[in-house]
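Novice: Submitted below is the structure of interest, expressed as structure tokens.
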Amino acid sequence: MAPARPTHSGALSGRATGGGESTMAIAPDAAVRPALRLPVPRDLVRATRRAAGEDPSEAARLVVTALSRVVGGGIRVTGDAATPPAPPPAPSTGAVVAGARAVVTVASAGPLSVEVLLTAHDASTGVDDLWRAWTGFVGELADLVGYRPAEPEPSTVDVVAAVTAAAAARPDSIAIEDDSDALTYGELVRFGDVLAGRFGAQPGGVVGILGEPGAAFFACQYAVLRSGAAFVPLDRRQPAHRLAQMVGQARCRFVISVAATADADADRLRQLAPGPEYLRWERLLVPTSQPPPPSRPAVPTIAYVMFTSGSTGVPKGAAIRRTSLACLAAWGRGLLDLGPDSTVGQLAGVGFDASIWEVWPAWTAGARVVVAPAHVRFDPPALLDWLGEARVDATFLATPLAEMVMTLDPPRSLRLRLLTVGGDRLRPVPGPLPYRVLNMYGPTECTVIATAGHVTPGAAAVPSIGVPLPYAYARVVGDDGTPTPDGEPGELWIGGQGVGAGYLFQPEESAARFVPDPYTDAGRIVYRTGDLVRRGVDGSFAFIGRLDRQVKLAGARIELGEIEAVAQRCAGIEVASAAVVGPPEERHLVVFAVLRAGHDADTVAADLRRRLPSQARGLRLRPVARLPLTGNGKVDRARLETELTAAARVQEGHVAGTDA
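Residue numbering for the sequence shown follows full-length UniProt numbering, starting at 1 and increasing by one per position.
Here it is, written out as structure tokens:
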């Protein structure tokens, strides 16, 4: 059925406004439930209830307006004068809910909105009953009005085709350089053609790339995609047994070794994972008479497989489609305002999916990528100087490193326009800064980034993780899988074109996390992140922590992420991480904290206790000189909970604030 033209019906008036938004006009005495969000796919939904004392047949009316696209906001509710309600127009459908029949009526519809009324035929039916009715009507309603959640078309330009076009336009422009080598776009494409010719067409194949950040490593990524295969980044700094697990789990057909220690690296890995053919990248550059495969695979394929830690000790390979990578690259080009004269910094480790974000948007824009030398990557003053010397316009930094960099005075040579930050909870950012800051969030399973938001330097509030990207959508759901009201914590579910294809060759693990979306058309998949968030009335999300970091202490549930957030608001604490340590009968909460100069540990511990709920006030504060970081720049919580907790038990007399 084609969407009807908007109509006006009694107390309800729907009118289109700028940006595809809509305004609901309701009776001035109506009781508004602004936190109520109902599960319309991709959309922000607002519900209202008419005031008590009205006509009983109208007492439980629910008004829902669904927008196909709203960024950073909801529906405005106004108190305009209204005429008495008129009979709702057809068509309608209904169902029996809690013994009462409720009717779903299409009041108006248009290309950007669908407006429906839910009216109970039984005066005893309440809004909560209608909520349950609504969740059962979503699919039927979509069929009724011909409504489907609007999603942008996938980027039609594959990343390989975009790089090829950039090379054709400016073949002598630098595509990537490190401290010892550089490749132009023309050289990058020729290199890719040679390697792809050696591999032959490999659609569905998986090729490991073993090494560390550098021009050759990322050029191999392009070459593998050029062949139609997917690449698996293998960080040579990882333990050999873990790398062997990754190679075996991905069923790699080839492993390309890219490093000064390439032969030794390959020999070490070959002993544990003898299946693939091991190749050294320089030896693949000998010209071959075999033509390269077509520039674009005939069918959608996997672009890359990025491994994450598995709860069973076996790493999980998140498989990301080429179409998802194309979406990320297209969005990144626009966000970073990249062009052939732009320079992007590359600092993330090759096993960290942020490296995908650093390289591929830049390459598809014809920009220059410059790889940071190893000695500046974790040295904030040296890093800032390097960013200036390299004339970097945009770069990514893991959150702990970014927080240190943002406290430093920038050199005069710095021309950085945008700093993208992610990987951990971001604290309030000092201001002013000569560059913009974007806080990003995204599981590896959802193509690096799922939400993002600009940060206001100098603001006291903890920055949010922003709103979903244009090709993504997000929901906050409770334990039963139903959407939670705004402000209520729940698990974040992510849908859209960035959601990966699952864990490679791990169907059970995939089925647990990649689940059918119960509120959209059949076939759509959402990723259950396992992250606890709250959704604000402005549509942005506040990150709380991991669901698996919820612990029980003395019978009470404690969210370690919340403890850390409160701790970092204390004047005496620079940065903090929380853990529960000790045997089951003696478990206690420890906060590891880097204290600001001039602050006493006992005073800080007392201040922290005053801010926490009663069940967390028995914490112990453990001052540390610094929090350990992983190779990707994130806080190494596993190391904290082993080395530092052991030290805390040994040096019990140095632990501030015993049980209060």
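Glycine included, every Cβ here is placed at the ideal spot set by N, Cα and C.
From a predicted model like this one, the values you see are computed outputs, not experimental measurements.
1) Residues bridged to residue 208 by DSSP?
2) Within its chain, find whatever has a CB closer than 6 Å to the CB of residue 363; leave out the 5 residues flanking it on each side and keep chain order.
3) Between 245, 246, 210 and 515, which lies nearest to residue 237 when the distance is taken from Cα to Cα?
4) In chain order, which beta strand (DSSP E) runs of at least 3 residues are fully inside the stretch 494–535?
5) Tell me whether residue 361 is buried or exposed, calling it buried when 16 or more other Cβ atoms sit within 10 Å of its Cβ.
6) Name the one or two DSSP bridge partners that residue 317 has.
7) Just to confirm the assignment, what range does the alpha helix (DSSP H) spanning residue 568 have?
8) Keeping to the same chain, check which residues put their C-beta closer than 8 Å to that of residue 642; ignore five residues upstream and five downstream.
9) Examine chain C for any beta-carbon lying closer than 8 Å to the beta-carbon of residue 416, and answer yes or no.
10) Along the chain, where does the alpha helix (DSSP H) containing residue 577 start, and where does it finish?
11) Who pairs with residue 176 in a beta bridge, going by DSSP?
12) Closest to residue 227 by CA distance: which of 474, 205 and 215 is it?
13) Relative to the C-alpha of residue 160, which candidate in 413, 487, 216 and 190 has its C-alpha closest?
14) Short of 7 Å in beta carbon distance, which residues of its chain neighbour residue 171, apart from the five on each side in sequence? Order them along the chain.
15) From the DSSP output, read off the bridge partner residues of residue 346.
16) Taking only the alpha-carbon atoms, compute the straight-line gap between residue 544 and residue 283 and give it to the nearest angstrom.
17) What residue does the alpha helix (DSSP H) around residue 241 start on, and which one ends it?
18) Quick check: what's the CA-CA separation for residue 661 versus residue 230?
19) Mark residue 279 as exposed unless 16 or more other C-beta atoms lie within 10 angstroms of its C-beta, in which case mark it buried.
20) Can you tell me the Cβ-Cβ gap for residue 319 and residue 523, rounded? I've got them flagged as a contact below 8 Å.
21) What runs of the beta strand (DSSP E), each 3 residues or longer, lie entirely inside the stretch 374–429?
22) For residue 559, tell me which candidate among 547, 260, 540 and 628 has the shortest Cα-Cα distance.
23) Closest by CA to residue 344, which one among 496, 175, 506 and 617?
24) For residue 661, I'd like the list of residues in its chain whose CB is within less than 7 Å of its CB, leaving aside the five on either flank, ordered along the chain.
25) Rounded C-beta distance between residue 439 and residue 463? I'm assuming under 8 Å.
26) What are the boundary residues of the alpha helix (DSSP H) that includes residue 544?
27) Looking only at its chain, what residues have a beta carbon closer than 6 Å to the beta carbon of residue 315, apart from the 5 residues adjacent to it on each side?
28) Between the stretch 417–432 and the stretch 443–463, do three or more beta carbon pairs fall short of 8 Å?
29) For my contact list, residue 418 and residue 441 are in at a C-beta cut-off of 8 Å; report their separation, rounded to the angstrom.
30) Between residue 452 and residue 494, which are expected to be in contact by the criterion C-beta below 8 Å, what is the C-beta distance as a whole number of angstroms?
31) In terms of residue numbering, what span does the beta strand (DSSP E) encompassing residue 436 cover?
32) Please return the same chain residues whose Cβ sits closer than 7 Å to the Cβ of residue 639, not counting the five positions on each side in sequence.
33) To the nearest angstrom, how far is it from the Cα of residue 508 to the Cα of residue 531?
34) Tell me the residue span of the alpha helix (DSSP H) that contains residue 620.
35) Is it the case that the stretch 247–260 contacts the stretch 390–404, given that we only count it when at least three CB pairs across the two stretches are under 8 Å?
36) Which two residues bound the contiguous beta strand (DSSP E) that contains residue 277?
Specialist: So, to answer that:
1) The sequence position of residue 208 within the sequence shown is 208, counting from 1. DSSP lists 232 and 255 as partners of residue 208.
2) Here residue 363 is taken as the residue at index 363 of the sequence shown, counted from 1. Closer than 6 Å at the Cβ level, and outside the excluded window around residue 363, lie 163.
3) Within the sequence shown, residue 237 is the residue found at index 237, counting from 1. The shortest Cα separation from residue 237 among 245, 246, 210 and 515 belongs to 210.
4) 514–516 and 525–535
5) In the sequence shown, residue 361 corresponds to position 361, counting from 1. Answer is buried; the Cβ neighbour count reaches 16.
6) Within the sequence shown, the letter at position 317 stands for residue 317. Looking at the DSSP assignment, residue 317 forms a beta bridge with 307.
7) Taking the first residue of the sequence shown as 1, we reach residue 568 at position 568. Counting along the chain, residue 568 falls outside any alpha helix (DSSP H), and DSSP gives it neither H nor E.
8) On the sequence shown, residue 642 is found 642 positions in, with the first residue counted as 1. For residue 642, where only same-chain residues beyond five positions count, there are no Cβ hits under 8 Å.
9) In summary, chain C is missing from the structure at hand, where a single protein chain is found.
10) Along the sequence shown, read from residue 1 onward, the residue named residue 577 stands at position 577. Not the alpha helix (DSSP H): residue 577 falls in the beta strand (DSSP E), residues 573–581.
11) The sequence position of residue 176 within the sequence shown is 176, counting from 1. Its beta-bridge partners are 183 and 369.
12) Start at 1 with the first residue of the sequence shown, and residue 227 comes out as number 227. With distances taken between Cα atoms, residue 227 lies closest to 205.
13) Residue 160 sits at position 160 when you count from the first residue of the sequence shown. Closest by alpha carbon: 190.
14) Start at 1 with the first residue of the sequence shown, and residue 171 comes out as number 171. Closer than 7 Å at the Cβ level, and outside the excluded window around residue 171, lie 184, 185 and 186.
15) Residue 346 sits at position 346 when you count from the first residue of the sequence shown. Paired residues: 371.
16) Residue numbering aside, residue 544 sits at position 544 when the sequence shown is read from its first letter. Residue numbering aside, residue 283 sits at position 283 when the sequence shown is read from its first letter. Taking the straight line joining both Cα atoms gives about 49 Å.
17) Locating residue 241 in the sequence shown gives position 241, counting from the first residue. Where residue 241 is concerned, the enclosing alpha helix (DSSP H) stretches over 240–250.
18) Residue 661 lies beyond the residue range present for the chain, which begins at 1 and ends at 660; the question has no answer from this structure.
19) As a position in the sequence shown, residue 279 is number 279, starting the count at 1. With 16 or more Cβ atoms within 10 Å of its Cβ, residue 279 is classed as buried.
20) Within the sequence shown, numbered from 1, the residue matching residue 319 stands at position 319. Within the sequence shown, numbered from 1, the residue matching residue 523 stands at position 523. Going by Cβ atoms, the distance from residue 319 to residue 523 rounds to 18 Å, so no, they are not a contact pair.
21) 394–398 and 418–422
22) Counted from its first residue, the sequence shown places residue 559 at position 559. Of the listed residues, the one whose Cα sits closest to residue 559 is 547.
23) For the purposes of this step, residue 344 is identified with residue 344 of the sequence shown, where counting begins at 1. Looking at the Cα atoms, 175 is the closest of the given residues.
24) Lying outside 1 to 660, the shown extent of the chain, residue 661 is not represented and no answer is given.
25) Against the sequence shown, residue 439 aligns to sequence position 439. Against the sequence shown, residue 463 aligns to sequence position 463. Contact flag correct, Cβ pair sits at about 5 Å.
26) Translated into the one-based positions of the sequence shown, residue 544 becomes position 544. Note, residue 544: premise wrong, no alpha helix (DSSP H); beta strand (DSSP E) at 541–546.
27) For the purposes of this step, residue 315 is taken as residue 315 along the sequence shown, with counting starting at 1. Closer than 6 Å at Cβ, skipping near neighbours: 245, 246 and 307.
28) yes
29) Walking along the sequence shown from the start, residue 418 turns up at place 418. Walking along the sequence shown from the start, residue 441 turns up at place 441. About 17 Å separates the two Cβ atoms, so there is no contact after all.
30) For the purposes of this step, residue 452 is identified with residue 452 of the sequence shown, where counting begins at 1. For the purposes of this step, residue 494 is identified with residue 494 of the sequence shown, where counting begins at 1. The pair is not a contact, with the Cβ atoms about 13 Å apart (cut-off 8 Å).
31) For the purposes of this step, residue 436 is taken as the residue at position 436 of the sequence shown. Residue 436 -> beta strand (DSSP E) spans 436–441.
32) The count along the sequence shown starts at 1 and reaches residue 639 at position 639. These residues qualify, in order along the chain: 628.
33) As a first step, residue 508 is located in the sequence shown; it is residue number 508 there, counting from the start. As a first step, residue 531 is located in the sequence shown; it is residue number 531 there, counting from the start. So the two alpha carbons sit approximately 20 Å from each other.
34) Within the sequence shown, the letter at position 620 stands for residue 620. Where residue 620 is concerned, there is no enclosing alpha helix (DSSP H), although the beta strand (DSSP E) it sits in stretches over 620–623.
35) no
36) Here residue 277 refers to the residue found at position 277 of the sequence shown. Taken as a continuous stretch (DSSP letters only), the beta strand (DSSP E) holding residue 277 covers 277–280.
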